[in-house]
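Numbers 28 to 290, taken from this note's numbering, label the letters of the sequence shown in order. Built from N, CA and C at the ideal position, the CB exists for glycine as well. Here the structure is a predicted model, which is why all the values come from computation and not from measurement.
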Amino acid sequence: MATFLGIDIGGSGIKGAVVNAADGELVSERLRVDTPQPSTPPAVAQAVKTLVEMAAYSGPIGCTYPGIVKNGTMLSAANVDAGWIGCDGQTLFNNVVGMPFIVLNDADAAGEAEMVFGAGKGKMGVVIMLTFGTGIGSALFLDGKLVPNTEFGHLHMGSKIAEARASARVKEEKDLSWSKWGKRVNDYLTHLERIFTPDMFIIGGGISKRFDRFIKYIKINAEIVPAHFFNDAGIVGAAMAAAARFPDTSAGRKQPDPKGRSG
Ligand code: BGC
28 MATFLGIDIG GSGIKGAVVN AADGELVSER LRVDTPQPST PPAVAQAVKT
78 LVEMAAYSGP IGCTYPGIVK NGTMLSAANV DAGWIGCDGQ TLFNNVVGMP
128 FIVLNDADAA GEAEMVFGAG KGKMGVVIML TFGTGIGSAL FLDGKLVPNT
178 EFGHLHMGSK IAEARASARV KEEKDLSWSK WGKRVNDYLT HLERIFTPDM
228 FIIGGGISKR FDRFIKYIKI NAEIVPAHFF NDAGIVGAAM AAAARFPDTS
278 AGRKQPDPKG RSG
């Protein structure tokens, strides 16, 4: 079984699990450490190292980042420390953790997981995956092929960007009711639909578990479905990216330490 560690870096938590790259299923428990504040590159790299040690894993690692990533370098930092901009995070993680890394945008990873094993499996045409969390992440697919780093959460709607009106964080911070927040999400999806006429929207992020609470406020033409992997989609997609990037590596977890040390 080809298993790879997938790590999902978010604004408040860094989550990870070992994933079977052949079916996207988690084969270890889901681990979490807090995202250090401030979330500078060296501090986050140390937290990633801690998580890898907790997983008792050695091998190639796929890791998401909540911003634009091009060839391993971070080009934006909307919800993390600005020190990430221009940082070669992939090389930093390689050096600090001492294992090969591939780094990609969090929503792109989540979208890949959903298109290959989840809610978008086999779906042709235009599919937009959106993750509602601290920000709004997006992944655009045409016939299953990703257009990376789309950043639709930063589309302007009135005087604000979409994620400043309709992210899950805004719902929580402003204590918006499902109906108030649902209407904001509906405005956003209507806007996206006017621009892209997608065949399907896949809704991810932690809030996707509560899909039934807000779907009644969504009045769009495209099919709309919750993510199959809910908030784990980023972890799964990260592990899939490692499997694709390091196909010949025999990865895997170390045998559990009999003394129960977790590193
Ligand atoms: C970032 C995206 C990211 C999303 C979800 C946005 O603020 O610009 O790159 O995918 O948050 O984390």
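Could you check the C-alpha separation between residue i and residue j for me, to the nearest Å?
{"i": "T62", "j": "S39", "result": "5 angstroms"}
{"i": "H183", "j": "I245", "result": "20 angstroms"}
{"i": "K187", "j": "A193", "result": "10 angstroms"}
{"i": "R272", "j": "A105", "result": "27 angstroms"}
{"i": "F128", "j": "A137", "result": "17 angstroms"}
{"i": "D50", "j": "F256", "result": "12 angstroms"}
{"i": "V263", "j": "A48", "result": "8 angstroms"}
{"i": "V54", "j": "G185", "result": "44 angstroms"}
{"i": "V79", "j": "F159", "result": "26 angstroms"}
With 16 as the cutoff for other CB atoms within 10 Å, does residue i come out buried or exposed?
{"i": "N132", "result": "buried"}
{"i": "M156", "result": "buried"}
{"i": "T30", "result": "buried"}
{"i": "G125", "result": "exposed"}
{"i": "D239", "result": "exposed"}
Taking residue i as part of the beta strand (DSSP E), name the residues at either end of that continuous run.
{"i": "E250", "result": "250-253"}
{"i": "M227", "result": "227-231"}
{"i": "S165", "result": "163-169"}
{"i": "K172", "result": "172-174"}
{"i": "N132", "result": "128-132"}
{"i": "K42", "result": "40-47"}
Going by CA-CA distance only, name the one from the options that's closest to residue i.
{"i": "H218", "options": "G43, A249, R57", "result": "A249"}
{"i": "G37", "options": "A266, M267, A270, D259", "result": "D259"}
{"i": "G180", "options": "K150, L216, K172, K210", "result": "L216"}
{"i": "L56", "options": "I34, D275, F144, E141", "result": "With the sequence shown as reference, residue 56 is identified as Glu, and Leu is not the correct amino acid for it. Among I34, D275, F144, E141, the Cα nearest to that of E56 belongs to I34."}
{"i": "Q117", "options": "D135, E80, G145, N98", "result": "N98"}
Determine the extent of the alpha helix (DSSP H) in which residue i is found, giving its start and end residues.
{"i": "A191", "result": "189-193"}
{"i": "R272", "result": "260-272"}
{"i": "T77", "result": "68-81"}
- Item | Validate contact between the stretch 219-228 and the stretch 98-115 using beta carbons, cut 8 angstroms, 3 pairs | no
- Message: Measuring CB atoms only, is the stretch 89-97 touching the stretch 111-120, in the sense that at least three cross pairs come out at less than 8 angstroms?
- Response: yes
- Query: On the three-pair Cβ rule with 8 angstroms, is the stretch 197-212 touching the stretch 166-176?
  - Reply: no
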